[in-house]
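Novice: Line by line, the protein sequences are chains L and D.
Heads up: the first sequence is residues 17 to 129, going by our numbering.
Heads up: the second sequence is residues 23 to 130, going by our numbering.
All C-beta atoms, glycine included, are put in the ideal place defined by N, C-alpha and C.
Only a predicted model underlies this, so the values are computations on that prediction, with no experimental measurement involved.
The following block contains the structure, expressed as structure tokens.
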Amino acid sequence: GAGVSQTPSNKVTEKGKYVELRCDPISGHTALYWYRQSLGQGPEFLIYFQGTGAADDSGLPNDRFFAVRPEGSVSTLKIQRTERGDSAVYLCASSADRDGGYTFGSGTRLTVV
Amino acid sequence: KNEVEQSPQNLTAQEGEFITINCSYSVGISALHWLQQHPGGGIVSLFMLSSGKKKHGRLIATINIQEKHSSLHITASHPRDSAVYICAAIRNTDKLIFGTGTRLQVFP
């Protein structure tokens, strides 16, 4: 596609529920990143994919968070047993290569009530 | 101490003023991004630079690798420039380390 697409744009869920957030990167971009931005703060790194594999998942806060990219294009960020502290905007970005610029999606605003 | 520091945190300007936002980093990087985020909006990449200077319209970004410092300048500022400006350093592992952002408000 023309840009990085994230769905849904907004998600409200109850504490304890499971959610999936989707990122559709720019076609051909091999690198895909997930970031989380809490209110009033800069984004923080969660996980980075190069192709289908997670090259760096050091930013995932705990084992409730998991992400996949099975075919090297679309990625899904999965959050189990959601907590109120998970409320944030989840941003996805893709890049063609190490020296390329990043293109960000518009984010998914997750609210856990 | 954050690995990427920005100053100022908040900036107010009158339309037409020249604006400078500073970014200092304490880690080794391969490049640095300047990003723009409008209220409630997504993040837009303005520049990626690893040396020297880049210019796009009224925006200029410079970086001094030896001093680990970068600046974003806006000439002839306009109210539509009001946004949060974020610098983000690209580590060798490719992930971005973000600064906390500078909130700019330009008044007519």
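Hey, could you find the ends of the beta strand (DSSP E) residue 27 (chain D) is sitting in?
Specialist: Locating residue 27 (chain D) in the second sequence gives position 5, where the first residue counts as 1. From DSSP, the beta strand (DSSP E) with residue 27 (chain D) extends over 26 to 29.
Novice: In whole angstroms, give me the CA-to-CA distance for residue 123 (chain L) and residue 104 (chain L).
Specialist: Your numbering for residue 123 (chain L) matches position 107 in the first sequence. Your numbering for residue 104 (chain L) matches position 88 in the first sequence. For residue 123 (chain L) and residue 104 (chain L), the distance between alpha carbons rounds to 10 Å.
Novice: State the DSSP-derived secondary structure class of residue 101 (chain L), mapped to helix, strand or coil.
Specialist: Against the first sequence, residue 101 (chain L) aligns to sequence position 85. The answer is helix: DSSP assigns residue 101 (chain L) an H, G or I state.
Novice: May I ask you to report which of helix, strand or coil DSSP gives residue 85 (chain L)?
Specialist: Here residue 85 (chain L) is taken as the residue at index 69 of the first sequence, counted from 1. Of the three classes helix, strand and coil, the one that applies to residue 85 (chain L) here is coil, per DSSP.
Novice: Which term fits residue 34 (chain L), buried or exposed, when burial requires 16 or more other beta carbons within 10 angstroms of its beta carbon?
Specialist: Within the first sequence, the letter at position 18 stands for residue 34 (chain L). When all chains shown are included, residue 34 (chain L) counts as exposed.
Novice: Quick one: what does DSSP say residue 103 (chain D) is sitting in, helix, strand or coil?
Specialist: Against the second sequence, residue 103 (chain D) aligns to sequence position 81. Correct three-state label for residue 103 (chain D): helix.
Novice: I need the DSSP call for residue 38 (chain L), collapsed to helix, strand or coil.
Specialist: Numbered from its first residue, the first sequence carries residue 38 (chain L) at position 22. Strand.
Novice: By the DSSP assignment, the beta strand (DSSP E) with residue 73 (chain L) in it spans what residues?
Specialist: On the first sequence, residue 73 (chain L) is found 57 positions in, with the first residue counted as 1. Neither: residue 73 (chain L) is in no beta strand (DSSP E) and is coded neither H nor E.
Novice: Quick one: grab the DSSP three-state call for residue 45 (chain L).
Specialist: Taking the first residue of the first sequence as 1, we reach residue 45 (chain L) at position 29. Residue 45 (chain L): coil per DSSP, three-state reduction.
Novice: Since I believe residue 92 (chain L) is in contact with residue 66 (chain L) (beta carbons under 8 Å), could you give me their beta-carbon distance rounded to a whole number of angstroms?
Specialist: The residue given as residue 66 (chain L) occupies position 50 in the first sequence. The residue given as residue 92 (chain L) occupies position 76 in the first sequence. Not a contact, Cβ separation roughly 17 Å.
Novice: Are any of the Cβ atoms in chain D nearer than 8 Å to that of residue 106 (chain L)?
Specialist: Taking the first residue of the first sequence as position 1, residue 106 (chain L) is located at position 90. No, residue 106 (chain L) lies away from the interface with chain D (no Cβ there is under 8 Å from its Cβ).
Novice: Name the DSSP bridge partner or partners of residue 96 (chain L)?
Specialist: Your numbering for residue 96 (chain L) matches position 80 in the first sequence. Note: residue 96 (chain L) sits in no beta bridge, so no partner.
Novice: CB residue 14 (chain D) to CB residue 31 (chain D), shorter than 8 Å?
Specialist: An answer regarding residue 14 (chain D) cannot be provided, because it is not within the stretch 23 to 130 covered by chain D.
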